[in-house]
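*Asks:*
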Ligand code: F6R
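Residue numbers (our numbering): 1 to 241.
1) Exposed or buried, residue 46, counting other C-beta atoms within 10 Å across all chains shown (16 or more means buried)?
2) Might you give, ordered along the chain, the residues of its own chain that have their beta carbon closer than 7 Å to the beta carbon of residue 123, omitting 5 neighbours on each side?
3) Which of the three DSSP states, helix, strand or coil, is assigned to residue 1?
4) Within 8 Å: the Cβ of residue 97 and any heavy atom of the ligand F6R?
5) Does the segment 90-103 touch the segment 63-74, meaning 3 or more C-beta pairs lie closer than 8 Å?
6) Quick check: the segment 164-182 against the segment 1-8, are at least 3 beta-carbon pairs closer than 8 Å?
7) Can you list every residue whose CB sits closer than 5 Å to some heavy atom of the ligand F6R, going in chain order?
8) Among residues of its own chain, excluding the 5 on either side of residue 175, which ones have a beta-carbon nearer than 6 Å to its beta-carbon?
9) Would you mind reading off the limits of the beta strand (DSSP E) that contains residue 153?
10) Looking only at C-alpha atoms, which of 95, 33 and 224 sits nearest to residue 2?
11) Can you tell me where the beta strand (DSSP E) with residue 127 in it begins and where it stops?
12) CA-CA distance, residue 136 and residue 143?
13) Going by Cα to Cα distance, which pick from 200, 199 and 185 is closest to residue 193?
14) For the beta strand (DSSP E) that contains residue 61, what are its first and last residues?
15) Closer than 6 Å by C-beta to residue 73: which residues in its own chain qualify, once you throw out the five before and the five after it? Chain order, please.
16) Would you say the segment 76-91 touches the segment 141-159, given that touching needs at least three Cβ pairs under 8 Å?
17) Beta carbon of residue 241, beta carbon of residue 195: below 9 Å?
18) Would you report the Cα separation of residue 39 and residue 199, rounded to the nearest angstrom?
Take a look at the structure:
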C-alpha cells in the first residue's frame, strides 16, 4: 500500500484528479469505479475542469458506482444516481448508457446485484476504483463484519452510517435503512484502488487502517492485501499517526 501525503482537501482532490486523467488518457476503454459522499466532491469538480480545458475526454469511459440506496429512484435528490449526474456525469462527454449505478428500485434486488456483477465483468473489470473511508472502516457500504468474499449485495446500514449520512437528507429519519453495494471481493477485483481520506474526523479510522490488523471488523483493512492501492490522505487525516 502506497501512502501519498498531501496538505489538504484541495491537494488531495487535485492529486487524484491527475491520476484519473492520466489513466483515462492511456486506456482505450477506461473503466472507473466511482464513489459518492463528501470526499470526492471536489475531485469531480476538478475532473469537469480538466474536461472543459480539453485535457481529457470521457467519451470512451465506462463508470460503475459503488453503491445506491434501496427505495430511492434515480431522480430522487438523495439518490446516488442523482448525485453522480449532477456532480459529474452531465457535465462531461460521457453517454449516460456508459454509466452504471445499482438500481435501488429494482423489483428483484438479488437479481439486480447479480446483473451488476456481470456488467462489471463484461466491461473487463474496473481499472481504477475510487474509495472514501467510513468512520467505522466501511468501504462502499460494506459495514464491519462483511465477508471479504462478498460480491454485490443488499446491506442493512449501520446506525452510525445512517447518522453520518443524515447531513445530506432533510432529516435523519429519511436516510434509507438498506442499500445495494459492491461487495468487498468486487472492490478487491479492481486493478487499482485509490482511497481518499481527508479531515480530522477520519483520523482515527485512518490510524486504525495504517497500524491495525487485517480483519472483517474493519473492512478497509482488506486493502492491505491488494497489490495496487494508493491512499491519498491530507495532514488532518494523518494527525493521529
Ligand atoms: C460512497 C460510499 C461510502 C463513502 C464513505 C465516506 O459511495 O460508498 O463508503 O465513501 O461513507 O463518506 P464521506 O466521503 O461522505 O465521508
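A virtual CB, placed ideally from N, CA and C, is assigned to each residue, including glycine.
*Replies:* Concretely, from the data shown:
1) buried
2) 31 and 62
3) coil
4) no
5) yes
6) no
7) 35, 36, 37, 38, 39, 66, 67, 132, 134 and 140
8) 162, 165, 166 and 169
9) Counting along the chain, the unbroken beta strand (DSSP E) around residue 153 starts and ends at 153-156.
10) 224
11) Premise fails: residue 127 is in no beta strand (DSSP E) and is neither H nor E.
12) 8 Å
13) 185
14) Counting along the chain, no beta strand (DSSP E) covers residue 61, and no H or E run does either.
15) 105
16) no
17) no
18) C-alpha separation (whole angstroms): 9 Å.
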